[in-house]
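Okay, structure first, notes after.
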Amino acid sequence: MHILLVSHGKLCEGVLDAFSMLVSGCTNISALSLTESGVEDFRARLESKVAELTSEGDLLILADLKGGTPYNESYACFLRDPEHIRLAAGLNLPMVLEAGIAAMDSNDLDAIYKTALDSGAFGIQGTDAPAEDDASDEDDDLF
47 MHILLVSHGK LCEGVLDAFS MLVSGCTNIS ALSLTESGVE DFRARLESKV AELTSEGDLL
107 ILADLKGGTP YNESYACFLR DPEHIRLAAG LNLPMVLEAG IAAMDSNDLD AIYKTALDSG
167 AFGIQGTDAP AEDDASDEDD DLF
């Protein structure tokens, strides 16, 4: 089972770099960026990478933005092989952390896809200012 991160510019490379700082020994995640070389170049590299990765097993593609070129081109790949490819948009680090760690121990594509969706959504959190009457202890941890 492989995970492929796709994005505009180097976003996917940055997410993969951050993932690699936090999780060692994971070799089944790769990144593919849409660059100034254009859509045709991206399409050719994507189709080649998808063929390589699906020849080894199932593939989860995580894209930065639904409706953007990396997503749309990945969607075309998904439509050609829906039994072995899943596609999600909204790429973020919590999504990659949870899905990447899960994929190290499992080849269950649908379960890892669901993990990516759930952890990606859960990873988006707002922070409210504490209420003025909040009696907090100075020794409290921020987390």
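With the numbering used here, letter number 109 in the sequence shown gets 155, and the count goes up by one each step, no holes. Don't be surprised by glycine CBs; every beta carbon is placed ideally from N, CA and C. Computed from a prediction, not measured in an experiment: that's the story for all the values here.
- Message: Checking 8 Å against the spacing of the C-beta atoms, do G137 and L99 come in under that value?
- Response: Before going on, a small fix: residue 137 reads as Leu here, not Gly. No. Outside cutoff.
- Task: Spell out a yes or no on whether the stretch 152–161 and the stretch 119–139 are touching, meaning 3 or more CB-CB pairs, one atom from each, closer than 8 Å.
- Result: yes
- Query: Using DSSP with H/G/I as helix, E/B as strand and the rest coil, what is L111?
  - Reply: coil
- Task: Evaluate D110 with the Cβ neighbour count: other Cβ atoms within 10 Å of its Cβ, from every protein chain shown; 16 or more gives buried, anything less gives exposed.
- Result: buried
- Message: Can you find the residues in the same chain that come closer than 6 Å, C-beta to C-beta, to G103, ignoring five residues on each side of it along the sequence?
- Response: M47
- Message: What does the Cβ neighbour count give for G71, buried or exposed, with the cut at 16 atoms within 10 Å?
- Response: exposed
- Can you check DSSP and say which residues form a bridge with H48? L105
- Message: Assuming S76 is part of the beta strand (DSSP E), what are its boundary residues?
- Response: I75 to L80
- Query: A134 bridges to which residues according to DSSP?
  - Reply: L108
- Message: Within the continuous alpha helix (DSSP H) that includes I147, where are the two ends?
- Response: L139 to D151
- Spatial distance of P116 from S66 (CA atoms): 22 Å
- Message: Please state the DSSP three-state secondary structure of S83.
- Response: coil
- Task: My understanding is that V52 touches L78, with C-beta atoms under 8 Å, so please give their C-beta distance in whole angstroms.
- Result: 5 Å
- Item | Backbone CA spacing between G146 and K56 [nearest angstrom] | 19 Å
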